[in-house]
Structure formats: structure tokens, C-alpha cells
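Positions 719 to 1400 (our numbering) are the ones given, in order, by the sequence shown.
The C-beta atom is built at its ideal place from N, Cα and C for all residues, glycine as well.
Fair warning: this is a prediction, and the values are worked out from it, not measured in the lab.
Structure record follows, encoded as C-alpha cells.
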Amino acid sequence: MIPCSHQRDDEAVSAAVATVLLFGGVVSIISIMLLSLMPVIQELEGSLKRNDMQAQMEILRHEVTLLSETGMPGDSSQVELIPVDGELNWDRLRGGMWYSASWYEGDQFRIKDALDLDRDIEIRHPDGMIQAVCFDDLRLGPDRPFIFTPNNLTDSVLVTPKHGLSIPLGPVEIEQGDKEYMLSIGEVLRLNSDEKIYSSHDLSGVQLKGDTGSILVEPTKPNPSSGKGQNWAIPISAGVTEIEVFADDDLLVQWAIGEIYGEELAIQSASVGVANSWKKSVNLSEDSLLEIVTDADAHLLITTGDSGASYLMGEEGNFLSKRFIAPHSSGNLSVSNPSSDAATITWKNGGISVPANQTISVEWPPINAENSLMLESSQNVLIQWSKGEHSLSVIPSIDTGQVTGSSFMPDNSEQFVVSNSKFSDYKSMYGMNGESGSLNLEDDGADRCIAINKTASGWISTTLPWESMNGLPEGEIIASWRDGSHPASMSITLIGEKNDASHANLATAWAFHTSRLTYEFDTSVTGLEVAWSGGAIVTNHPELEPAILNGPPERQGPGPRFSATIPSMHPTQTSTTGGGAMTLDIELSMRESIVSTKVYDLRRAWVGPYGDAIAAYSSTTLETSEDWILYPGNTELLQDYVGWVPVPSYGPSEAIWHAAGEPIQFNLQISTLDVEMTEVSS
719 MIPCSHQRDD
729 EAVSAAVATV
739 LLFGGVVSII
749 SIMLLSLMPV
759 IQELEGSLKR
769 NDMQAQMEIL
779 RHEVTLLSET
789 GMPGDSSQVE
799 LIPVDGELNW
809 DRLRGGMWYS
819 ASWYEGDQFR
829 IKDALDLDRD
839 IEIRHPDGMI
849 QAVCFDDLRL
859 GPDRPFIFTP
869 NNLTDSVLVT
879 PKHGLSIPLG
889 PVEIEQGDKE
899 YMLSIGEVLR
909 LNSDEKIYSS
919 HDLSGVQLKG
929 DTGSILVEPT
939 KPNPSSGKGQ
949 NWAIPISAGV
959 TEIEVFADDD
969 LLVQWAIGEI
979 YGEELAIQSA
989 SVGVANSWKK
999 SVNLSEDSLL
1009 EIVTDADAHL
1019 LITTGDSGAS
1029 YLMGEEGNFL
1039 SKRFIAPHSS
1049 GNLSVSNPSS
1059 DAATITWKNG
1069 GISVPANQTI
1079 SVEWPPINAE
1089 NSLMLESSQN
1099 VLIQWSKGEH
1109 SLSVIPSIDT
1119 GQVTGSSFMP
1129 DNSEQFVVSN
1139 SKFSDYKSMY
1149 GMNGESGSLN
1159 LEDDGADRCI
1169 AINKTASGWI
1179 STTLPWESMN
1189 GLPEGEIIAS
1199 WRDGSHPASM
1209 SITLIGEKND
1219 ASHANLATAW
1229 AFHTSRLTYE
1239 FDTSVTGLEV
1249 AWSGGAIVTN
1259 HPELEPAILN
1269 GPPERQGPGP
1279 RFSATIPSMH
1289 PTQTSTTGGG
1299 AMTLDIELSM
1309 RESIVSTKVY
1319 DLRRAWVGPY
1329 GDAIAAYSST
1339 TLETSEDWIL
1349 YPGNTELLQD
1359 YVGWVPVPSY
1369 GPSEAIWHAA
1379 GEPIQFNLQI
1389 STLDVEMTEV
1399 SS
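This is the structure in C-alpha cells:
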């Protein structure tokens, strides 16, 4: 047996344990250091993601701005977006904006909750009595056809594509029932009145019953304060048609019917109370397109055959008025007085008195009248021009002064038909004599007028006359924009008192839902994004605080001038989303001039999470104003600055275009861009 001896070296064991503990401590310290550095690393990574996508979206912004401001329908561009990480998505419900413009000095018009998807809206005009507010669905965006429901009193409809700033690249697609039609600019199509009409482009049209009738034709782009215009393109039926253009000014009239055209000058008389008119009679063998251009704002009256009737528009842009221009065409004038006092209507060398709540007709024009005449009344009246025994006309409302409203005064027509809206928000009344007549064709979203009849310095709540979509899934909301149940974009016209007129067009607002293209990513903070919204590039990186990287495209000066083009970019139904490299095929489908005129108060507000930041960004040059430094918040003393001024008491997302008391030359247009976003194949 071999003896064995083992000895324990306590010092060696202690050294080994100490080494292990030391290593564990070092590892723990390194882990803690790495853990503390992770947010820094993530923020550096987030900055890389943001800056990379910002650079790519600046390229996108450049291409979209070029298309929207200078392109024509059919023009296209392609942009590729390659996210470092994160996803590209569309946000259709949290983007939007509105503009408002007032036509009279000292007025202002503000709106609130117009894009909330419900039936409630608030308006504010603290400068006098508000009689009514009228809404129109602008039908902007992809896959949102114009929908027309012909009146069941009529037999057929003549339509032609409406002219505008730009025309469609190809034929306009029209559907009625199970039939499809392709209609090019300048062509005229006759349809029946039995079913709805769906069109890819807005239409001008006339609804016909029989072979005679008269209409006061709405201009292609009416002056918002007067309802007059300088351009018309309207289909007229075969047979004899009497055409009259009348205005309170000299007239240079350029007209064309097919290949026949001409240019004529009509000089206004210097006599007091005498207006001016140009008349022409044509006899057509087939349905044709009439195009007229004048050099001054005017009205256009068309009579087919030997009978018809149409109400005249007052000088303030509404049918209920004290001042009118009467045409020189032979017929009768019927004056309806809805007030409680007798009305005295005068014209050059003549006049009549109409008792309260009565209608009186006189032969027109007066003897020795060689031109159209100015009419003035002591009370608000409705005036109808008529000829012959047959007519069909819309009877204007006496509470809104427009073609829809709540209260009506029947005239001397033989038959009356009242049409009620779906939710009884407004009504329409039609008067008919004999067996024929004609009506203007308007799309289903037009002329929805709500009576207000209030004076208030604060907000006034009223009804948005469409279905409520609040709280519904996004798919149903998109479908409602498509079928017209709720508007994705709208114009809002304010009607109220101005001087001695009770129903003047005071102001107009335009509200738009606009889709946002978002790049969503995370750092140590979740929910971060870089987004393209209405032409601006925005972000909430690094700490969820809204910031503007590039402002919306707009043009200013010289002097008190402001021009903006709203790039309304929307995804097509087949667009994809995700985190891979994406190709965006962008096509301009429509570019429309909304308004181009002189205004006295111009406002803008953005809807969504970046409204306040955009308002502040747009007014950064205000800091250079000495007047603003001396008198902060006081726009009345701000004389050395022209541009956007946010007014905190009105809400920081709303801003006023300040022009030191000067009228503003305002131009607003919108371009609809359809985007097909697809993943880049490997």
C-alpha cells in the first residue's frame, strides 16, 4: 500500500474565488454600461432612420409639387422609397385642412369640426346676421364619381364634360344603369331621366321635359360673391334656341357652336338704370355644345323653343334680393313678394307695386326699352322671367335665398312639387306650367342649404346635411366618400346681411380630408413617424413632439398676394403597405382652380396632429417684424409684415393671412394625385 498525502491550499482557493467574483463584477458593470447605452444607440439609429426618410420624402415632395402645380391630367412620376427599418402606411383620417375667404371688408368666417365625420359643424361670423349656410360636396379624390339623380319631372338629360383649369387626358367615363359611355371634351350626350348617372368627371347639363324651356346657366367658374361668370359650356338641344348674355358692363362676347364661332362687342348705354345685353338666335339640326366667353362678369339665359321660365339671380349672388339685372328678351316678369310689407319695384321710366305675400306679372321689356334694365326693390323679392305657356322651374327658398331651404312662397305656376332631403335638412320646390320645360343639372352633393337666421358673436352650431360616419371603421368611411353619403371635401358658403342686402354671399370656406403617407418606426420611444401631409414633411421624432421639416408649398407676393396648390394625394384601391422598398407611381388625375379673386380676410387651419406646428412654421418670418416686437398679438398695428399670423385666442392651428389692411389677391387650386404603391420585386 502506497501512502498518499493531500494538502489543501487555502490561499489558492481564495485567489480562484476572487478571480471569479472579479470577472462576474466586470461583466455586470459592462452589462449595466451597455444597458445604459442602449437608448443612446437606439436614438442614433432613430436619427439615421429619420434623416434617411426625410431625404427620400424631400424627393417625393419635389415631384408631387411639380405635378400638382404645373402638370396636366395624365402626367405621372415615379418615386422609390426604401425604409431603413419600419413601415410605410397611409393615414386617411387624420389629415386635412380648410381655407376661408371673406368677400367684404371687415368680415371674417371661421369653421370648426367640419372634418369630424359627424353631422355637426360650428361656424362663426361675428359681424352681423347669418341667414343661411350652403354646402357642396367637391367630390375630390380617387374612385369618387360625380353622381347625378335626374328629376323625375323630366324626360331626358343633355350632358357634356365640364370645362376647367385642366381637362381629362382621355374620355370621361359615364355609367347609367347597365350602360357605359365614353364622352370626350366638346361632345354632347343625351341620356334618359330614369336612373342615376355616374361620371368620372364633373358634367354640365340640362334636364329636359318636352322640347321647350329656359334656364339661367351657371358659369363654369362663378364669382363667389355675385354668382356671375365669364365662361360657359352648356349643351343645347336641336331646334331654335335664343341666347342672351346680360351684365352691368360693356361686353366682348366670344361664342362657338361646333365649327361655327364669332366675336361681337356690346357697348353699355350711359343712361342711368340701363344695363347691357348681347342676344343671338340659332337653329340647330342636332344637339350641340354652346361655348361662350366674355370679358366681364355676366349672366347667361338660354331659351329653347317658344316657352320657358327661369328665376333671376340678384346682384349679391342669391335669388332673394333687392337688386337685379333683367334680360331684354321678350316675355313676362313675375315678382313675388314674401315680406309683410308692400314692395315697390322700379326700373328706368317705370315700376310696379307688389302687395305683401303676393305675385304680380308684367309684360317685359317695357315699351322703348332697347337693352336690359336694372331693377331695384324696396323689399326682398323673387323675380322670374318667363315666355309662353309651358315652363318648369326651381322656386327659390325665401329663408336661404337659394334653390334649397326650408320655406317657400308658391308663385303663379299651375302645379307644385316639393322634394325633401333624406334627413329633412332641406327641401326643394318646383313649379310647372303645361307639358314642357327645362332645369339645370346639378350633382347630388350640390346646393344643400340650411337656414340659420341668427346673430351671434360666438360659435353657431348647425347641421352638416349628410350621414354621420363618426366611429365607423375606416373601410365604411372610405365607402361613404365614394357613394356620396358623406363628403371627403366640401365648400361652405355663408349667406347673411351686408349693407341693405339681407341675403348676400359673405364668405366661403373649403375643407378637405387629405391622406398622409407615413413612415412609422421605433427607437427607445414607440409611435414615431416621418410623414408627408398636404405637401409638408413632418415628424414627431425624437420625443413625440410635432416638428415641421418642410412646409407646405405656397407662393407669396409681390404685395398682398397669396397662391396655394393643395396636393391631394390618395392611394388607389390596389396600393400596398409594408416595410420593404416601395415604388410609388404617382399620376395627376385632376387639377382644378377653386377660386381666384380678391378677398378681404383669408384664413387657414390644419386638421390633425401637426396643425399647431404648421401654423407656427408658416409664420416664422413674423419674428423679423419690428411692429410685432413692439405690439405682440396686435394685428391692427402690424404694418411692416405680410404673411401668416397665428392668433392664439383663435387656436394656434388657425392662422390669418395679414396684408396690413389691403385686399388680398387670392388663388387656390387643388390637384388630385392617384398613387399606386407597390413593393419592389427582388
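Which partner residues of residue i appear in the DSSP bridge assignment?
i	result
residue 879	921
residue 1395	1302
residue 1234	809 and 1251
residue 1092	1043
residue 1055	1076
residue 838	1181
residue 1099	1039
residue 1061	1072
residue 1049	1082
residue 1390	1286 and 1308
residue 1111	1149
residue 951	1009
residue 717	No answer is possible for residue 717: the residues shown for the chain start at 719 and end at 1400.
residue 1382	1317
residue 1104	1027 and 1050
Exposed or buried, which one is residue i when buried takes at least 16 other CB atoms within 10 Å?
i	result
residue 1164	buried
residue 1054	buried
residue 1359	buried
residue 719	Bear in mind that the predicted position of residue 719 carries a pLDDT of just 48, short of 50, making it unreliable; the figure below should be weighed with that in mind. That one is exposed.
residue 1361	buried
residue 1160	buried
residue 1174	exposed
residue 931	buried
residue 1217	exposed
residue 897	exposed
residue 767	buried
residue 1273	exposed
residue 1410	Only positions 719 to 1400 of the chain appear in this structure, which leaves residue 1410 out of reach.
residue 925	buried
residue 1034	buried
residue 1373	buried
residue 887	exposed
According to DSSP, is residue i helix, strand or coil?
i	result
residue 771	helix
residue 778	helix
residue 1257	strand
residue 1345	helix
residue 817	strand
residue 1044	strand
residue 797	strand
residue 745	helix
residue 1330	helix
residue 736	helix
residue 787	helix
residue 765	helix
residue 915	strand
residue 934	strand
residue 719	Low confidence applies to residue 719: its pLDDT is 48, below 50, so where it sits in the model is not reliable, and the reading given next is rough at best. Coil, per DSSP.
residue 1377	coil
residue 1315	strand
residue 1229	strand
residue 961	strand
residue 730	helix
residue 1354	helix
residue 1141	coil
residue 669	Past the edges of the chain, shown from 719 to 1400, lies residue 669, and the structure says nothing about it.
So residue i and residue j are in contact, right, with Cβ under 8 Å, and what is the actual spacing, rounded?
i	j	result
residue 1017	residue 964	6 Å
residue 971	residue 921	In fact, because the Cβ distance is near 24 Å, the residues do not count as touching under 8 Å.
residue 1020	residue 954	6 Å
residue 1409	residue 1397	Missing from the structure shown is residue 1409; the chain here goes from 719 to 1400 and no further.
residue 1192	residue 1290	Rounded, the Cβ-Cβ distance is 16 Å, inconsistent with contact.
So is the beta-carbon of residue i under 6 Å away from any non-hydrogen atom of the ligand SAH?
i	result
residue 1292	The ligand SAH is absent from the structure shown, which contains no ligands of any kind.
task: Could you name each continuous alpha helix (DSSP H) segment of 4 residues or more that falls completely within the region 1144-1217, going from the start of the chain to the end?
output: You should have 1192-1201.
- request: Scan the region 1237-1308 and note each continuous beta strand (DSSP E) run of 3 residues or more that stays entirely inside, going in chain order.
  value: The qualifying runs are 1246-1251, 1254-1257, 1265-1268, 1272-1274 and 1279-1289.
Whole runs of the beta strand (DSSP E) within the region 976-1029, excluding any shorter than 3 residues: Scanning the region 976-1029 for uninterrupted beta strand (DSSP E) segments of 3 residues or longer gives 978-984, 994-1002, 1006-1022 and 1026-1029, listed from N- to C-terminal end.
query: Enumerated in chain order, which unbroken segments of the beta strand (DSSP E) with a length of 3 residues or greater are wholly contained in the region 857-908?
result: Along the length of the region 857-908, whole beta strand (DSSP E) runs at least 3 residues long occupy 864-866, 874-879, 890-894 and 897-901, reported in chain order.
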